[in-house]
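First to last, the sequence lines map onto chains X and H. Going by my numbering, the final residue of the first sequence carries number 261, and the count climbs one at a time with no gaps. Going by my numbering, the final residue of the second sequence carries number 399, and the count climbs one at a time with no gaps.
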Amino acid sequence: MTDPNPMTPEGTEPFLELTNVSRVYGDEVKVYALREVSLRIMPGDFMAIVGPSGSGKSTMLGLLGCLDLPTSGSIRIAGEEITTLDDTNRTRLRGRTIGFVFQQFHLIGHLSALQNVETALLYRGMKPNERHDKAMDALERVGLGQRWDHRPVQLSGGEQQRVALARSLVADPIIVLADEPTGALDSKNAENVMQIFESLRSPERAVVLVTHDLGVADRADRKISMRDGEIVGDDRKVRA
Amino acid sequence: MISRNFRDLVSVAIGGLLARKVRTLLLLMGPVIGVAAIVAAVGLTDSAKGDLKRKVAQLGTNLITATAASSFGSERPKLPVDATERAEQVETVEKVSAVVQLTDITVSPYEKARRKYETTPIPVLAADTRLPFVLEVDMLSGRWISDADAEMDSRTVVIGSGLANEIGYLPGENRTIDLAGKPYGVVGILGKVELDPTLDNAAFIPFSAADRDFVKEDIQPTKLYVRSDDGTEQATADTLRTAISLGGPDEVGTEIQAEALQLAAQSDKQLQLIVASMGLLAIIVGGIGIANVMSISVIQRSTEIGIRRALGHTRRTIAQQFLLEAMVVGFLGGILGVLVGALAILVGVWLSGWVFVLQRWIPPAGIVLAMVVSVLAGLYPARRAAKLEPLETLRLG
Numbered sequence: 022m023t024d025p026n027p028m029t030p031e032g033t034e035p036f037l038e039l040t041n042v043s044r045v046y047g048d049e050v051k052v053y054a055l056r057e058v059s060l061r062i063m064p065g066d067f068m069a070i071v072g073p074s075g076s077g078k079s080t081m082l083g084l085l086g087c088l089d090l091p092t093s094g095s096i097r098i099a100g101e102e103i104t105t106l107d108d109t110n111r112t113r114l115r116g117r118t119i120g121f122v123f124q125q126f127h128l129i130g131h132l133s134a135l136q137n138v139e140t141a142l143l144y145r146g147m148k149p150n151e152r153h154d155k156a157m158d159a160l161e162r163v164g165l166g167q168r169w170d171h172r173p174v175q176l177s178g179g180e181q182q183r184v185a186l187a188r189s190l191v192a193d194p195i196i197v198l199a200d201e202p203t204g205a206l207d208s209k210n211a212e213n214v215m216q217i218f219e220s221l222r223s224p225e226r227a228v229v230l231v232t233h234d235l236g237v238a239d240r241a242d243r244k245i246s247m248r249d250g251e252i253v254g255d256d257r258k259v260r261a
Numbered sequence: 003m004i005s006r007n008f009r010d011l012v013s014v015a016i017g018g019l020l021a022r023k024v025r026t027l028l029l030l031m032g033p034v035i036g037v038a039a040i041v042a043a044v045g046l047t048d049s050a051k052g053d054l055k056r057k058v059a060q061l062g063t064n065l066i067t068a069t070a071a072s073s074f075g076s077e078r079p080k081l082p083v084d085a086t087e088r089a090e091q092v093e094t095v096e097k098v099s100a101v102v103q104l105t106d107i108t109v110s111p112y113e114k115a116r117r118k119y120e121t122t123p124i125p126v127l128a129a130d131t132r133l134p135f136v137l138e139v140d141m142l143s144g145r146w147i148s149d150a151d152a153e154m155d156s157r158t159v160v161i162g163s164g165l166a167n168e169i170g171y172l173p174g175e176n177r178t179i180d181l182a183g184k185p186y187g188v189v190g191i192l193g194k195v196e197l198d199p200t201l202d203n204a205a206f207i208p209f210s211a212a213d214r215d216f217v218k219e220d221i222q223p224t225k226l227y228v229r230s231d232d233g234t235e236q237a238t239a240d241t242l243r244t245a246i247s248l249g250g251p252d253e254v255g256t257e258i259q260a261e262a263l264q265l266a267a268q269s270d271k272q273l274q275l276i277v278a279s280m281g282l283l284a285i286i287v288g289g290i291g292i293a294n295v296m297s298i299s300v301i302q303r304s305t306e307i308g309i310r311r312a313l314g315h316t317r318r319t320i321a322q323q324f325l326l327e328a329m330v331v332g333f334l335g336g337i338l339g340v341l342v343g344a345l346a347i348l349v350g351v352w353l354s355g356w357v358f359v360l361q362r363w364i365p366p367a368g369i370v371l372a373m374v375v376s377v378l379a380g381l382y383p384a385r386r387a388a389k390l391e392p393l394e395t396l397r398l399g
């Protein structure tokens with residue numbers, strides 16, 4: 022279904038692979054949110070998933086993020102089949118491999134910017150100072166090293182989203198999954214955040230932006246279009 | 003690795019509690035009030051009796067009193083005339099003193115008080131010279147009734163410490179008090195009689211004076227104070243009953259004074275149990291409060307829980323976080339409860355002049371109880387928190 026990524030060598034394992042995935046809601050009246058979808062997310066991908074409301078984007082996001090399980094089909098993350106994992110192992114796999122950025126930022130209100138970033142590194146047997154240093158590095162990377170002790174209410178929307186970005190990166194995930202990352206931001210802050218996303222292009226990582234904003238989607242190298250629970254387009258932009 | 007993860011858990015739980023101070027304060031109320039009530043209940047009843055227990059230990063346990071238990075045709079039962087001699091025949095008896103309770107004598111310490119003391123009479127006892135020696139009580143001031151008083155038929159009176167206090171008698175003061183119209187000179191104040199506090203408010207006169215002024219027939223003791231050899235109290239008390247009555251018409255009753263005191267020192271166990279049960283009830287109600295507030299908190303914090311789950315925190319970790327919050331609440335509440343309870347005991351002791359008693363096992367038991375109740379109360383909210391799905395709490399798309 023997908024063309025091979027010209028940036029990745031032949032035979033490279035995909036980071037994330039959906040094969041004939043369906044997600045059905047309801048018992049008596051079945052509603053197909055996703056229907057027989059297959060998708061390979063490769064190392065180095067910088068992709069957008071676009072589509073109108075009800076196209077299945079959110080369901081797709083839940084499945085890609087390992088937050089939900091398909092009704093049928095297979096999902097493999099870093100070669101591991103998630104549908105056969107128990108909740109604990111699936112959660113651990115999620116924490117190891119996926120970084121989330123949400124439209125509403127979803128920072129924890131009573132924690133400082135630094136503590137919010139550190140939250141992604143808890144329960145990993147890490148020394149506190151090691152965790153602190155990693156979180157500070159991530160904050161500096163998004164330009165907020167000076168504001169590490171500010172709580173979310175003391176930060177602007179753009180800054181909060183940058184903290185969320187730092188949190189999504191701090192554990193070195195192979196996939197950064199962003200849900201309408203600029204949806205709650207003004208154009209200046211949105212541009213700022215998009216520039217950071219663009220700086221994340223790397224052969225060790227894939228970035229997936231789920232959006233209905235075509236301006237955001239146009240900046241991606243690969244655009245997956247969805248409609249009525251199916252993928253209707255997978256276009257790759259050849260970068261100069 | 004495990005210890006580091008546990009440290010992470012502790013810091014997250016404490017951070018969660020510190021972030022919502024009012025809620026945490028509300029959570030603390032239950033265990034604090036419950037533990038404080040239990041500690042105060044047990045401690046106050048122990049402290050109230052602590053004084054008595056100390057006295058029993060100090061005073062010795064070998065004081066026995068003998069009284070006439072019943073007497074046909076007589077309103078006021080009396081012991082035989084030679085009861086003292088009979089008691090002294092018992093081998094294990096160390097020393098004996100007899101007193102006679104005199105009736106219908108109005109004592110008037112000063113003229114204006116006559117009417118008052120007609121309605122609330124001061125007990126007048128005729129006593130022998132050995133009473134303080136048998137009671138093992140020192141004189142507060144002056145002297146006790148002497149052989150010379152008996153020989154000279156002098157009208158001397160010794161007053162109890164409580165009575166001295168009541169009538170404002172100063173040690174060494176020359177004072178005459180009126181006993182049914184006869185002037186008696188005060189020669190001394192008897193020290194506090196812990197084993198028989200009724201003596202503190204009495205006036206004591208020599209047998210000879212009582213015989214001349216008030217008793218027209220043979221003088222019969224109403225009560226004997228007996229000291230037995232240590233360890234023979236019960237046997238002596240039993241033997242005394244027979245030895246004194248000698249098959250006569252009057253029965254004799256004996257009582258080991260320390261036993262009566264010890265009984266008094268334990269008689270409030272039921273009260274203690276009732277108040278402690280109320281404290282337990284308070285802790286349980288507090289536990290329900292914790293379950294309630296934490297359940298609401300789970301709803302309020304559902305987004306936070308969703309974020310943590312999305313970031314890779316397992317269900318078990320989330321549940322542990324809430325349980326640990328409950329445990330910390332129980333621990334802090336327990337400590338505060340013990341402190342508040344101890345403070346209540348101190349205030350009670352200070353107000354009532356008791357001895358501070360807080361049994362050593364009570365503080366740790368209170369803290370453990372508060373923790374157990376809090377953790378049990380946290381189980382349901384923790385389960386609910388762990389069951390939350392990130393997709394339900396984080397709106398996507």
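For every residue, glycine included, the Cβ atom is placed at its ideal position computed from N, Cα and C. All values reported here derive from a predicted model rather than from experimental measurement.
How would you list, in chain order, the residues of chain H whose beta-carbon sits under 9 Å from the beta-carbon of Ala141(X)? Chain H residues near Ala141(X): Leu313, Gly314.
In whole angstroms, give me the CA-to-CA distance for Glu96(H) and Leu172(H). Using only the alpha carbons, I get a separation of about 34 Å.
Listing by chain order, which chain H residues have their CB less than 9 Å from the CB of Arg162(X)? Those within 9 Å of Arg162(X) in chain H number zero; the least Cβ separation is about 18 Å.
Quick check on the burial criterion: 16 or more other C-beta atoms within 10 angstroms. Buried or exposed for Gln181(X)? Taking all protein chains shown into account, Gln181(X) has 16 or more neighbouring C-beta atoms within 10 Å of its C-beta and is therefore buried.
Interface residues of chain X around Arg318(H) at Cβ under 9 Å? Correct list: Thr109.
Chain-order list of residues whose beta-carbon lies under 6 Å from that of Gly18(H) (same chain, five-residue window excluded): Closer than 6 Å at Cβ, skipping near neighbours: Glu327.
What is the DSSP secondary structure of Pro383(H), reduced to helix, strand or coil? If DSSP states are grouped into helix, strand and coil, Pro383(H) belongs with the helices.
List the endpoints of the continuous beta strand (DSSP E) containing Leu1(H). Outside the shown range of chain H (3 to 399) lies residue 1(H), about which nothing can therefore be said.
Mind pulling the chain H residues with CB within less than 7 Å of Phe121(X)? Taking the beta carbon of Phe121(X) as reference, the chain H residues within 7 Å of it are Ala312, listed in sequence order.
Any beta carbon of chain H sitting closer than 8 Å to that of Ala171(X)? In the sequence as presented, Ala is not what sits at residue 171(X); that position holds His. Cβ-Cβ to chain H under 8 Å: no for His171(X).
When the Cα atoms are used, what is the spatial distance from Ser223(X) to Phe67(X)? Answer to the nearest angstrom: the Cα atoms are 9 Å apart.
Might you give, ordered along the chain, the residues of its own chain that have their beta carbon closer than 8 Å to the beta carbon of Gly204(X), omitting 5 neighbours on each side? Excluding residues within five positions, the ones whose Cβ falls inside 8 Å are Gln124, Thr232, Asp234.
How about Gln274(H) and Ala15(H): do their beta carbons lie closer than 8 Å? Cβ distance not < 8 Å, so Gln274(H) and Ala15(H) don't count as in contact.
Indicate whether the contact test is met: 3 or more Cβ pairs, each with one atom in the region 364 to 380 of chain H and one in the region 331 to 346 of chain H, closer than 8 Å. Yes, the region 364 to 380 of chain H touches the region 331 to 346 of chain H.
May I have a chain-ordered list of the alpha helix (DSSP H) segments no shorter than 4 residues that lie completely inside the region 123 to 164 of chain X? Runs of the alpha helix (DSSP H) inside the region 123 to 164 of chain X: 134 to 140, 149 to 162.
Starting from Ile191(H), follow its DSSP beta bridges and name the residues at the other end. Beta-bridge pairing links Ile191(H) to Ser143(H), Ile161(H).
Just to check my reading of the structure: Glu225(X) and Pro35(X) have Cβ atoms closer than 8 Å, yes? What is that Cβ distance to the nearest angstrom? Beta-carbon to beta-carbon, Glu225(X) and Pro35(X) are separated by about 14 Å, too far to satisfy the 8 Å threshold.
Give the interface partners of Arg56(X) over in chain H, defined as CB-CB distance under 7 Å, in chain order. What Arg56(X) touches in chain H: nothing, since even the nearest Cβ is about 17 Å away.
Taking Ile196(X) and Ala156(X) to be in contact with their CB atoms under 8 Å, please state how far apart those CB atoms are, rounded to whole angstroms. About 20 Å separates the two Cβ atoms, so there is no contact after all.
Are the C-beta atoms of Asp48(H) and some chain X residue less than 8 Å apart? So, not an interface residue.
Put Asn176(H) into one of helix, strand or coil per three-state DSSP. Asn176(H): coil per DSSP, three-state reduction.
So, Thr92(X) versus Ser43(X), is the Cβ gap smaller than 8 Å? Yes, they are a contact pair.
Anything in chain X within Cβ reach of Asp10(H), meaning under 8 Å, just list it in chain order. Those are Leu143, Tyr144, listed as they occur along chain X.
Would you call Met154(H) buried or exposed, if buried means 16 or more other Cβ atoms sit within 10 Å of its Cβ? An exposed status is given to Met154(H), since fewer than 16 other beta-carbon atoms sit within 10 Å of its beta-carbon.
Taking only beta-carbon positions, decide if Lys155(X) is within less than 8 Å of chain H. Taking Cβ atoms only, chain H never reaches closer than 8 Å to Lys155(X), which makes this a no.
Do the region 137 to 145 of chain H and the region 216 to 226 of chain H make contact, defined as three or more Cβ pairs closer than 8 Å? Contact annotation: the region 137 to 145 of chain H does not touch the region 216 to 226 of chain H, with fewer than three C-beta pairs closer than 8 Å.
Give the DSSP-derived three-state secondary structure of Asp200(X) in the structure shown. Under the three-state reduction of DSSP output, Asp200(X) falls in the strand class.
Using DSSP with H/G/I as helix, E/B as strand and the rest coil, what is Asn64(H)? Per DSSP, reduced to three states, the secondary structure at Asn64(H) is coil, with no helix or strand assignment.
Give, in chain order, every unbroken run of the alpha helix (DSSP H) that is at least 4 residues long and sits entirely within the region 331 to 381 of chain H. Listed in chain order, nothing qualifies, since the region 331 to 381 of chain H has no complete alpha helix (DSSP H) run of 4 or more residues.
For Asp106(H), does the three-state DSSP call read helix, strand or coil? Correct three-state label for Asp106(H): coil.
Is it buried or exposed, Pro134(H), if we count other Cβ atoms within 10 angstroms and call 16 or more buried? Buried, by the Cβ-count rule.
Short CB-CB distance (under 8 Å) between Leu14(H) and chain X: The identity of residue 14(H) in the sequence shown is Val, whereas the question assumes Leu. Closer than 8 Å: yes.
Going by DSSP, what residue range makes up the alpha helix (DSSP H) through Thr112(X)? That run of the alpha helix (DSSP H) goes 108 to 118.
Please state whether DSSP places Pro173(X) in a helix, a strand or coil. In this structure, Pro173(X) counts as helix in the three-state DSSP scheme.
Extent of the continuous alpha helix (DSSP H) to which Leu137(H) belongs: Membership of Leu137(H) in the alpha helix (DSSP H) is indicated by the continuous run 133 to 137.
Within 9 Å of chain X by C-beta, residues of the region 16 to 39 of chain H in sequence order: From the region 16 to 39 of chain H, only Gly17, Gly18, Leu20, Ala21, Arg22 have a Cβ closer than 9 Å to chain X.
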